[in-house]
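**Student:** Shown below is the structure under consideration.
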Amino acid sequence: MKKNIRLYNMILPPYLLMVFVPWLAALCLIGNFIIDSIVLLIISLIVFKKVNGEFYKKNILKVWLFGFAGDFVGILFLFIGSNIGYFYINSHSNENGLFFQIMEGLNNVTNHAYAVNTYSYVFIAIAIFVAAIAIFLFDYFIAFRKTKFTKKQKFLSSLAFAVFTAPYTFLIPNSVFY
């Protein structure tokens with residue numbers, strides 16, 4: 028791709044550019060693996076009072092993949108919301124009320140102007156929260172299901188993953204990628 032070509036009017040959120048930019052995808056995969064490894068090793072240190080290599084080996088792939096599944100839930104939330112905003116704006120283009128501004132904020136999540144509208148950031152923050160809840164549920168009910176954790180340890184470990192591995196990169200504007 029030539030350097031002077033820009034992808035205007037994108038349908039996809041900016042963080043999905045990693046699908047089209049291989050180095051960004053590799054960076055994302057490696058970065059998520061490192062962060063998940065650090066969180067899992069800290070959990071191992073807290074729960075077992077030492078770094079437990081066996082625990083790490085059994086669980087790193089699960090929490091890493093479920094982290095991506097949780098991120099995908101957040102992406103899906105953003106995609107659906109932005110399409111709702113897009114269709115509303117196109118059918119009610121002559122309005123200017125608060126509801127129209129909220130819908131404009133939803134629409135702006137998928138294009139180059141989401142930094143202009145505060146509602147876009149609110150919507151992205153909600154999407155990060157939705158993804159964090161999904162990460163928590165995936166880890167609590169699936170990834171840590173067969174561990175020897177007590178319910179409290181399983182809850183706190185899943186919560187740690189939800190908080191520390193939530194997709195905060197959703198807040199990065201797509202202009203960074205150009």
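Counting in the numbering used here, the sequence shown runs from 28 upward without gaps. Positions of the beta carbon are idealized from the N, C-alpha and C atoms, including for glycine.
1) Could you tell me which uninterrupted alpha helix (DSSP H) segments, each at least 4 residues in length, are contained entirely in the segment 77 to 144, listed from first to last along the chain?
2) For A53, report the span of its alpha helix (DSSP H) as first-last.
3) What is the DSSP secondary structure of F197, counted as helix, strand or coil?
4) Quick check on K173: does DSSP put it in helix, strand or coil?
5) What residue range does the alpha helix (DSSP H) around F168 cover?
6) Inspect the beta-carbon positions of V136 and L105 and report whether they are closer than 8 angstroms.
7) Using a Cβ-Cβ distance cut-off of 8 angstroms, determine whether F99 contacts chain D.
8) Alpha carbon to alpha carbon, how far is L222 from I151?
9) Which residues in the same chain as L67 place their Cβ atom closer than 7 angstroms to its Cβ, once the five residues preceding and following it in sequence are excluded?
**Tutor:** Concretely, from the data shown:
1) Fully enclosed alpha helix (DSSP H) runs of 4 or longer: 80 to 118, 125 to 135.
2) Here residue 53 is taken as the residue at index 26 of the sequence shown, counted from 1. Element bounds for A53: 49 to 75.
3) Translated into positions along the sequence shown, residue 197 becomes position 170. Residue state, collapsed to three classes: helix.
4) Taking the first residue of the sequence shown as 1, we reach residue 173 at position 146. For K173, the three-state secondary structure derived from DSSP is coil.
5) On the sequence shown, residue 168 is found 141 positions in, with the first residue counted as 1. Element bounds for F168: n/a, residue is neither H nor E.
6) On the sequence shown, residue 136 is found 109 positions in, with the first residue counted as 1. On the sequence shown, residue 105 is found 78 positions in, with the first residue counted as 1. Judged by their CB atoms, V136 and L105 are nearer to each other than the 8 angstroms cut-off.
7) Chain labels in this structure do not include chain D; a single protein chain is all it has.
8) Residue 222 is absent from the model: the chain starts at 28 and stops at 205.
9) Indexing the sequence shown from 1 puts residue 67 at position 40. Around L67, the same chain offers Y83, N86, I87, V90 as residues with beta carbons nearer than 7 angstroms, after the five sequence neighbours per side are excluded.
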